[in-house]
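Q: Chains as they are written, first to last, in the numbering used here: chain A, 1 to 278; chain B, 279 to 556; chain C, 557 to 834; chain D, 835 to 1112; chain E, 1113 to 1390; chain F, 1391 to 1668. The C-beta atom is built at its ideal place from N, Cα and C for all residues, glycine as well. Handing you a structure now.
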Amino acid sequence: MVDEAKTKTPKRLTKKELRSIFLRYGIMTESAMSYEKMHGATWAYSYMPVGEKYYKDNPEAYKRLLTRHAVFYNTEPQTGQLVNGIVASLEEQIGMGNKEIDENVPVTVKASLMGPLAGIGDSVMQGILIPTLLSIAMGLSKGGSALGPVFYIVAYAVIATAITIIAFRSGYKLGVSAIDKLIGESAKRITNMFTVLGMIVIGGLSASTIAVTTTVKIPFGDKTKGLQEILDGFFPGLLPLILVLFTWWLISSKHYGPTKVILILTAVAAIGVLIGFL
Amino acid sequence: MVDEAKTKTPKRLTKKELRSIFLRYGIMTESAMSYEKMHGATWAYSYMPVGEKYYKDNPEAYKRLLTRHAVFYNTEPQTGQLVNGIVASLEEQIGMGNKEIDENVPVTVKASLMGPLAGIGDSVMQGILIPTLLSIAMGLSKGGSALGPVFYIVAYAVIATAITIIAFRSGYKLGVSAIDKLIGESAKRITNMFTVLGMIVIGGLSASTIAVTTTVKIPFGDKTKGLQEILDGFFPGLLPLILVLFTWWLISSKHYGPTKVILILTAVAAIGVLIGFL
Amino acid sequence: MVDEAKTKTPKRLTKKELRSIFLRYGIMTESAMSYEKMHGATWAYSYMPVGEKYYKDNPEAYKRLLTRHAVFYNTEPQTGQLVNGIVASLEEQIGMGNKEIDENVPVTVKASLMGPLAGIGDSVMQGILIPTLLSIAMGLSKGGSALGPVFYIVAYAVIATAITIIAFRSGYKLGVSAIDKLIGESAKRITNMFTVLGMIVIGGLSASTIAVTTTVKIPFGDKTKGLQEILDGFFPGLLPLILVLFTWWLISSKHYGPTKVILILTAVAAIGVLIGFL
Amino acid sequence: MNGTLFIQACLVGLLSYLGAVDCPWMYGVVGGFYILGRPLVAGLMCGLIFGDVQAGVLCGLAVQAVFIASMHTGGTSNTEITYASYGGIGLAMATTQNPAIAVTLAIFIGQTFGLLFYNLRMAGFSYYNHKAEKACRELDKRGLIMNQIVYPQIVTFLVRAVPVWAAIYFGKVAVQRLLDVVPVTITDIITVLGGVLPALGIAMLMNMLIKKKVELIYFCFGFVMIAFAHLSTVALVFIAALIAYLIFNMSGHNGQNQDDSSKVAVDTADEYEDKDLF
Amino acid sequence: MNGTLFIQACLVGLLSYLGAVDCPWMYGVVGGFYILGRPLVAGLMCGLIFGDVQAGVLCGLAVQAVFIASMHTGGTSNTEITYASYGGIGLAMATTQNPAIAVTLAIFIGQTFGLLFYNLRMAGFSYYNHKAEKACRELDKRGLIMNQIVYPQIVTFLVRAVPVWAAIYFGKVAVQRLLDVVPVTITDIITVLGGVLPALGIAMLMNMLIKKKVELIYFCFGFVMIAFAHLSTVALVFIAALIAYLIFNMSGHNGQNQDDSSKVAVDTADEYEDKDLF
Amino acid sequence: MNGTLFIQACLVGLLSYLGAVDCPWMYGVVGGFYILGRPLVAGLMCGLIFGDVQAGVLCGLAVQAVFIASMHTGGTSNTEITYASYGGIGLAMATTQNPAIAVTLAIFIGQTFGLLFYNLRMAGFSYYNHKAEKACRELDKRGLIMNQIVYPQIVTFLVRAVPVWAAIYFGKVAVQRLLDVVPVTITDIITVLGGVLPALGIAMLMNMLIKKKVELIYFCFGFVMIAFAHLSTVALVFIAALIAYLIFNMSGHNGQNQDDSSKVAVDTADEYEDKDLF
Ligand SMILES: OC[C@H]1O[C@H](O)[C@@H](O)[C@@H](O)[C@@H]1O
Ligand SMILES: OC[C@H]1O[C@H](O)[C@@H](O)[C@@H](O)[C@@H]1O
Ligand SMILES: OC[C@H]1O[C@H](O)[C@@H](O)[C@@H](O)[C@@H]1O
């Protein structure tokens, strides 16, 4: 931190200003999302309080601030508050005149963090937290009770809000020093850890959510027996497993997009039903 | 080992003498335990056979022997036979006149081993072995059969006695060389291993032994449903888990002693019952 | 690879010749197995196509080829196609006149690979693959359905044939370079991995296949209760576990051969039945 | 004109806007897309609106099962879950209140109109993005806010609330007629498709997480723990966390921590902790 | 005077001395505190003394459940288990023979008089400890034995056997009267407290074992394996042992073993073994 | 002469040759020993031959359970499974068609005549091996083929097909008589032995795999997962694979990969992969 006593002007961001940056980002992130810019200039909007504080009398600097935060950007928005926190601390330093931090730094930081964080963030939030809470809630809703959705609403609101707050605070506290931590060896380990967590949990998720059973009956002496029953006898969930691996292969090896995959899956379902297999 | 052939006097401890040291320690360890000295001078009592053998004619050395073994000492008494074995071999060397081993060595060895061994010993004996055997025994006693306690008596007597014997023998065999093994890198790994074992098993233990259920009924349309049943639906044992984490937090972060914690738990139970929650 | 353009004579093995080597080995490996030579001269037979191709006019070289492949050799025959593939690529080089590869190399390669591969191969094929497929098949055969054996026949034929083909191809592709990979650090890690896999799976196998139960009844007040039921209450499968550990101890520590062990097990069964324990 | 239905349709349309991924007003995606946008919550909301909470929740439950693994990554979605939720459940509540119909309608609307509108809008917003960027360069604060927030929100409101409102208000009769004529095979196919669809979301996540084919082992482990061992997702999360933590520690034991491993004494454990993870 | 009751009370009092932590005569804590002192064993003993083994074991079973995780570490105990066992079960056997009453009495006696007497004695024994230390310095062997063994044993006998004897001999009538007047709420609270108490012992152990908060993951894993997967403690011990062993090996793969890893050939595995662990 | 039985006996004899470990004609051990030779397949075959597939499969099932862990390693076998399969099941099908009888006969034939013939042949083939080796040295191609393939096959056909044929053709009457007189104790012992026998194969495999006693932990883990957690073998294979993979990775983190760990950037993950394993 620069010596705050020396010069009069450079003041740190107040709590209120920080809260404003936090909320502007948190609320508006995806307000104008396009494939071209994704979160793009939401950042410029979020950092207007910084401009108002430090660059009131320096329109060129203000412009540079908004312009550097109007480029393509995309990450998971909730855990992404971490980056917002880091950038807030960087822009604060720049605004306060710390010459050691170039105006390019926030841009580089954003560009290098958004990718990994999108991966971790999506798998933790969409891959683990949401499905887990939803499956608990679905259990509570059996029979049509409102308990399930109410539980989900409360639980997700509390947890996700907490995550955004903690992420922003940690980012702001770490500041520049975060870059090492988030890009270095240790970050790779943490990413790896969450990736493993994610892979295991979505493995379980596919067992509990994909519902494909065959209706084929095969003759057993004079009686018939469901093929599904036989499959369940040695590999419960074999069809869902095959299906998800097939879909994954379409995406990862064939590089098909979701729409193409949906068409294929629809075809699979249609043919399966028509030949009497599914 | 010193050259035994050279001088006539220095004889090694006989089997009988070793057995005596082993038994004196094993039997008397906690005979006069106080918060101030804990096992304290039991050690002096245990090493009287050494004094009788080597220092019959050297009262000063005898006094030093007893005195150095009258200080504060505390560890898990059963697995603690390991330290007794090591010290036996050290005192034997000192008694036989091996000048390489200072009279301070046994004291240092005891002081540095007692801590780690208390940790491992307590968690293995009180945290794993005893609860596991007891829960087996309790299973055997369902309906009031004497089989359970008889099983426990035999099983624990055999296993614990074996542990004391093996511990003492290993300690005596390792002797000085044990210090490296027990304090070095490898010891940290072993400690760590047992710690992990302990943490997992007591996690299970808390699931199987803490019995807290709520009696709250919540309305479900026209019927009511037990809250406990709902909890069991998505997190069996949630209340016990919360309770044990709360208790742990009282001890580890608030640094409350057991008595204070018992009072708090009693208050929790009382309030829980009075408001109709438990 | 040597420069193929320079000289006219040295041609690589054709697909047909490679297939012939693959099949001769795959089919004939154990055709004349004795304790003394095991697979022995099957190798000479397998490499006759190489002799016909390269040494038609050089009977001495042809003799050396057959002779060096007539020595003791033993490994798991199916996964063993890996070695066959490596040796095929080595003999091809030798046949084509590559002076860098001594005629001893194939012999050394065979000798150093056969041991580890026997260990891994047997445990993967006989210890994991076959019992797993068989237990699935046995499930399908409950009640006498032919589905079980048919499933096993198809599944094993497909999987095992695929393994032999992949093994041969990988071996041939890797060639000399395989030696490093198969003997170095990395090979030790892979061996170790398969060993762990094997140990866990055969642990499970013993729980599901060894069937020993005691018929002893013990009095419980006025009623009696089966000892087996009591054992199941705290350690299901305790008797099978003891039995398999005992058998393992006979083999690994006492170094008894299978026949001796069978006699002992028969004695155990007989005595167990006669005293009314089993 | 049916006044009640009109108001109901308006409310559902409004909710389908508030639960959209690009709607900011519910604290961004936290309260919007990830709470209001989930079919289970939509079910509750529609239940309240149409005066039958139980039927609403049951529809929500059925639709949620199809979309539980719905993913929204990198701006791409495998389904337009908000159109699906409110269009499907809303229409079903307005007509049969049958969960199966809700699922059919949700899939149909989500995968056709839903994705169409979504992708058109995502493409179209480039226009506002460019204008917002220009506003940044020119320090036109009002322009930034209008182009980044106001105009896009108006557009997204129109393309979401209006079609959903129209679908419910005018679709009621059409749906009822359609249900009478649609062949049962189509319903069957859509039902099967409902079971198949979660595979897509999961496969998209797998594509993000799984870098090497070997890592499928994690995925399969998760699958097996649910499919064979019948654990719940909550339990799996804990198990996965343990494995992930082991891997985290494992990877930490090389490289940087190596050299100073001897310095890391027991009492510095806490600082060490910070350096590592939490 | 009731002669039978007098003798019964004497026997129970004697056992409560023999099962005390500081009583040496049953091979130290092995046969004393950890066998005779356990409520399950106390139940059997009291059953024998009062002539109804079944009722005794049932009381022991109920009390044991409360105290299964009772810990005695560093001289501190969360309960005075011996007073609790023999006071509680003994009194119950002398009166109602009702297990629930036994639990209530055990908790009451253990947590009040029990802990009081225990702590007073632990404080008081400093007196003898000092005299024993003095005896060591003066080579007063008799003094050592008297102050380290004889006097403390007399004291501990008096403060244990006498109160328990009195409680049973005189308490019988009082307890019966008390049971008639005590409000049911109190009984309820004590019942709940019985389910809650094990949390204390476990939390004490956690406090010893868990150094970093992250390590709670081990604890939770154990909890989940029992609570969700319904494994028995015995199974958990094996699983935990595997995990602990993996961690042991893992930690061994850095530092010292690194440099010479190439030297560790397969055939030296056995020596290597010794160096490492068993 | 009974013509049908004659032909049936011939067919069973032929199969017992084709399923032998040293018979090449079914693509070596793949289709022979490991398919035709398995009791479950033998049951199907004998069922077809004797015209009652169901009875045959049931006999095969019973015998397979005894021999599921049968091992053939290093030329040594714990049983002669092919004699056992075709002799035992064939004879049972010719007589009572009772699975228990099939097991008894299989064990009896496999462990006596079977092993005897097997070991004699294994010893005797040294003769042909030497002649084949000589043929190699003399470039006598015909001699190699005759001695390595033709003669050994004739011999093995004779010592396998003929005795099995004879056993069935002549044994039918004998077996039926025997069954009337054999005491029930013998049957009991053989039944028990049937449950015990798998222990031998498993112990042989353990002997190959387990190098240090500590590694029993892997074995016990597998045992516990089946015996306590009631998982199926298929599930266990996945779990074991995960553990093995963790260990593989773990061991890779020392030595060679260490120094260049910093170079292994994320994008080179795929090449890295090749270097490591798959
Ligand atoms: O993948 C990161 C991120 O990309 C876009 O912003 C959206 O699809 C988000 O839902 C997602 O979290
Ligand atoms: O904690 C080590 C040790 O301390 C004291 O000696 C007693 O509390 C023992 O029960 C305990 O094992
Ligand atoms: O042990 C390797 C190998 O040895 C011999 O060749 C036979 O026993 C085979 O069945 C076995 O696979």
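Taking the beta carbon of Glu659 of chain C as the centre, do at least 16 other beta carbons fall within 10 Å, making it buried, or is it exposed?
A: Mapped onto the third sequence, residue 659 of chain C falls at position 103. Flag for Glu659 of chain C reads exposed.
Q: Do the CB positions of Phe1062 of chain D and Leu1636 of chain F come within less than 8 angstroms of each other?
A: Your numbering for residue 1062 of chain D matches position 228 in the fourth sequence. Your numbering for residue 1636 of chain F matches position 246 in the sixth sequence. For Phe1062 of chain D and Leu1636 of chain F, no; Cβs fall outside 8 angstroms.
Q: CB Leu1156 of chain E to CB Ala435 of chain B, shorter than 8 angstroms?
A: Numbered from its first residue, the fifth sequence carries residue 1156 of chain E at position 44. Numbered from its first residue, the second sequence carries residue 435 of chain B at position 157. Not in contact: Leu1156 of chain E and Ala435 of chain B (Cβ atoms no closer than 8 angstroms).
Q: Where DSSP assigns a beta bridge to Pro497 of chain B, which residues make up the other side?
A: Locating residue 497 of chain B in the second sequence gives position 219, counting from the first residue. Per DSSP, the beta bridge partners of Pro497 of chain B are B:Thr502.
Q: Roughly how many angstroms lie between the CA atoms of Leu1027 of chain D and Phe959 of chain D, to the nearest whole one?
A: Taking the fourth sequence and counting its residues from 1, one reaches residue 1027 of chain D at position 193. Taking the fourth sequence and counting its residues from 1, one reaches residue 959 of chain D at position 125. So the two alpha carbons sit approximately 32 angstroms from each other.
Q: From Phe707 of chain C to Thr357 of chain B, what distance separates their C-alpha atoms?
A: Translated into the one-based positions of the third sequence, residue 707 of chain C becomes position 151. Translated into the one-based positions of the second sequence, residue 357 of chain B becomes position 79. Whole-angstrom Cα-Cα distance: 55 angstroms.
Q: Just the Cα atoms here: how many angstroms apart are Gln1090 of chain D and Cys1135 of chain E?
A: Numbered from 1 along the fourth sequence, position 256 holds the residue referred to as residue 1090 of chain D. Numbered from 1 along the fifth sequence, position 23 holds the residue referred to as residue 1135 of chain E. The predicted position of Gln1090 of chain D is uncertain, since its pLDDT is 37 and thus under 50; a value taken from the coordinates is nonetheless stated next. Rounded to the nearest angstrom, the two C-alpha atoms are 52 angstroms apart.
Q: Just how far apart, CA to CA, sit Ile94 of chain A and Ile101 of chain A?
A: One-based indexing of the first sequence puts residue 94 of chain A at position 94. One-based indexing of the first sequence puts residue 101 of chain A at position 101. Ile94 of chain A and Ile101 of chain A: Cα-Cα distance of roughly 6 angstroms.
Q: Does the beta carbon of Gln1646 of chain F come closer than 8 angstroms to any beta carbon on chain D?
A: The count along the sixth sequence starts at 1 and reaches residue 1646 of chain F at position 256. Model confidence at Gln1646 of chain F stands at a pLDDT of 37, short of 50, so the residue's coordinates are unreliable; what they give is reported in the following sentence. Cβ-Cβ to chain D under 8 angstroms: no for Gln1646 of chain F.
Q: Could you give the first and the last residue of the continuous alpha helix (DSSP H) run that contains Arg1289 of chain E?
A: Locating residue 1289 of chain E in the fifth sequence gives position 177, where the first residue counts as 1. Unbroken alpha helix (DSSP H) run through Arg1289 of chain E: 1263 to 1293.
Q: Taking buried to mean at least 16 other C-beta atoms within 10 Å of its own C-beta, is Asn1644 of chain F buried or exposed?
A: As a position in the sixth sequence, residue 1644 of chain F is number 254, starting the count at 1. Note that Asn1644 of chain F scores a pLDDT of 47, beneath 50, so its modelled location is shaky and nothing firm can be said.
Q: Roughly how many angstroms separate the alpha carbons of Lys816 of chain C and Ile746 of chain C, rounded to a whole number?
A: Here the question's residue 816 of chain C lines up with position 260 in the third sequence. Here the question's residue 746 of chain C lines up with position 190 in the third sequence. Looking at the two C-alpha atoms, the distance is approximately 34 angstroms.
Q: What did DSSP end up calling Ser733 of chain C once you bin it into helix, strand or coil?
A: Taking the first residue of the third sequence as 1, we reach residue 733 of chain C at position 177. Ser733 of chain C falls in the helix class under three-state DSSP.
Q: If Tyr985 of chain D and Tyr962 of chain D are in contact, beta carbons under 8 angstroms, what's the gap, nearest whole angstrom?
A: In the fourth sequence, the residue the question calls residue 985 of chain D occupies position 151. In the fourth sequence, the residue the question calls residue 962 of chain D occupies position 128. That belief holds up - the Cβ atoms of Tyr985 of chain D and Tyr962 of chain D are roughly 6 angstroms apart, short of 8 angstroms.
Q: Using a Cβ-Cβ cut-off of 8 angstroms, state whether Gly204 of chain A counts as contacting chain B.
A: Here the question's residue 204 of chain A lines up with position 204 in the first sequence. Contact of Gly204 of chain A with chain B is not assigned, every C-beta pair being separated by 8 angstroms or more.
Q: Which chain D residues are close to Ser1475 of chain F, counting only those with a beta carbon under 7 angstroms from its beta carbon?
A: Translated into positions along the sixth sequence, residue 1475 of chain F becomes position 85. Going along chain D, no residue has its Cβ under 7 angstroms from Ser1475 of chain F, so there is no contact; the nearest lies around 31 angstroms.
Q: CB Tyr601 of chain C to CB Asn640 of chain C, shorter than 8 angstroms?
A: Within the third sequence, residue 601 of chain C is the residue found at index 45, counting from 1. Within the third sequence, residue 640 of chain C is the residue found at index 84, counting from 1. Contact: no.
Q: On a CA-only basis, which of E:Val1175, E:Gln1166, E:Gln1223, E:Gly1199 is nearest Thr1191 of chain E? Give me that one, please.
A: For this step, residue 1191 of chain E is matched to residue 79 along the fifth sequence. Closest option to Thr1191 of chain E, Cα to Cα, is E:Gln1223.
Q: The alpha helix (DSSP H) that contains Ile128 of chain A, what's its start and end?
A: Within the first sequence, residue 128 of chain A is the residue found at index 128, counting from 1. Looking at the DSSP string, Ile128 of chain A is not in any alpha helix (DSSP H), and its letter there is neither H nor E.
Q: Quick check on the burial criterion: 16 or more other C-beta atoms within 10 angstroms. Buried or exposed for Lys1521 of chain F?
A: Position 131 of the sixth sequence, counted from the start, is the residue given in the question as residue 1521 of chain F. With 16 or more other Cβ atoms within 10 Å, it is buried.
Q: Taking only heavy atoms of ligand 3 into account, decide whether any of them is closer than 7 angstroms to the Cβ of Thr1469 of chain F.
A: What you label residue 1469 of chain F is simply residue 79 of the sixth sequence in a count that begins at 1. Thr1469 of chain F Cβ: outside cutoff for every heavy atom of ligand 3.
Q: Output the distance between the C-alpha atoms of Ile818 of chain C and Asn1597 of chain F, rounded to the nearest integer angstrom.
A: Translated into the one-based positions of the third sequence, residue 818 of chain C becomes position 262. Translated into the one-based positions of the sixth sequence, residue 1597 of chain F becomes position 207. Taking the CA atoms as reference points, Ile818 of chain C sits about 16 angstroms from Asn1597 of chain F.
Q: Tell me, to the nearest whole angstrom, how far the beta carbon of Gly1172 of chain E is from that of Met316 of chain B; I am working on the premise that it is less than 8 angstroms.
A: Walking along the fifth sequence from the start, residue 1172 of chain E turns up at place 60. Walking along the second sequence from the start, residue 316 of chain B turns up at place 38. In this structure, Gly1172 of chain E and Met316 of chain B do not form a Cβ contact; the two beta carbons are roughly 30 angstroms apart against a cut-off of 8 angstroms.
Q: Who does His1184 of chain E pair with in a DSSP beta bridge?
A: On the fifth sequence, residue 1184 of chain E is found 72 positions in, with the first residue counted as 1. Paired residue(s): E:Ser1189.
Q: My output table needs one value for Met1320 of chain E: the three-state DSSP class, helix, strand or coil.
A: One-based indexing of the fifth sequence puts residue 1320 of chain E at position 208. Helix.
Q: Which class does Ala854 of chain D belong to by DSSP, given the choice of helix, strand or coil?
A: Here residue 854 of chain D refers to the residue found at position 20 of the fourth sequence. Coil.
Q: For Tyr450 of chain B versus Ser390 of chain B, is the C-beta distance shorter than 8 angstroms?
A: Sequence index remark: in the second sequence, residue 450 of chain B carries index 172 (1-based). Sequence index remark: in the second sequence, residue 390 of chain B carries index 112 (1-based). No; because the gap between Cβ atoms is not below 8 angstroms, this pair is not in contact.
Q: Can you tell me whether Tyr73 of chain A is helix, strand or coil according to DSSP?
A: Translated into positions along the first sequence, residue 73 of chain A becomes position 73. Taken through DSSP and simplified to helix, strand or coil, Tyr73 of chain A comes out as strand.
Q: Taking all protein chains shown into account, decide if Ser34 of chain A is buried (16 or more other Cβ within 10 angstroms of its Cβ) or exposed.
A: Here residue 34 of chain A refers to the residue found at position 34 when the first sequence is read from its first residue. That one is buried.
Q: Span of the alpha helix (DSSP H) holding Phe1145 of chain E?
A: Here residue 1145 of chain E is taken as the residue at index 33 of the fifth sequence, counted from 1. Premise fails: Phe1145 of chain E is in no alpha helix (DSSP H) and is neither H nor E.
Q: Start and end of the alpha helix (DSSP H) containing Pro116 of chain A?
A: For this step, residue 116 of chain A is matched to residue 116 along the first sequence. Segment 105 to 122, the alpha helix (DSSP H) holding Pro116 of chain A.
Q: Could you check if Asn362 of chain B belongs to the surroundings of ligand 2, using beta carbon to heavy atom distance under 7 angstroms?
A: Taking the second sequence and counting its residues from 1, the one referred to as residue 362 of chain B is at position 84. No, the Cβ of Asn362 of chain B stays beyond 7 angstroms of every heavy atom of ligand 2.
Q: Put Gly695 of chain C into one of helix, strand or coil per three-state DSSP.
A: Here residue 695 of chain C is taken as the residue at index 139 of the third sequence, counted from 1. Correct three-state label for Gly695 of chain C: helix.
Q: So, at 8 angstroms on beta carbons, what are the nonlocal neighbours of Ala5 of chain A in its own chain, with the 5 sequence-adjacent residues on each side left out?
A: For the purposes of this step, residue 5 of chain A is taken as residue 5 along the first sequence, with counting starting at 1. With a pLDDT of 46 at Ala5 of chain A, under the threshold of 50, the predicted position of this residue should be treated as unreliable, though the coordinate-derived value follows. For Ala5 of chain A, where only same-chain residues beyond five positions count, there are no Cβ hits under 8 angstroms.
Q: Can you check whether the C-beta of Lys1284 of chain E is within less than 8 angstroms of a C-beta belonging to chain B?
A: Start at 1 with the first residue of the fifth sequence, and residue 1284 of chain E comes out as number 172. False, the Cβ-Cβ gap to chain B never drops below 8 angstroms.
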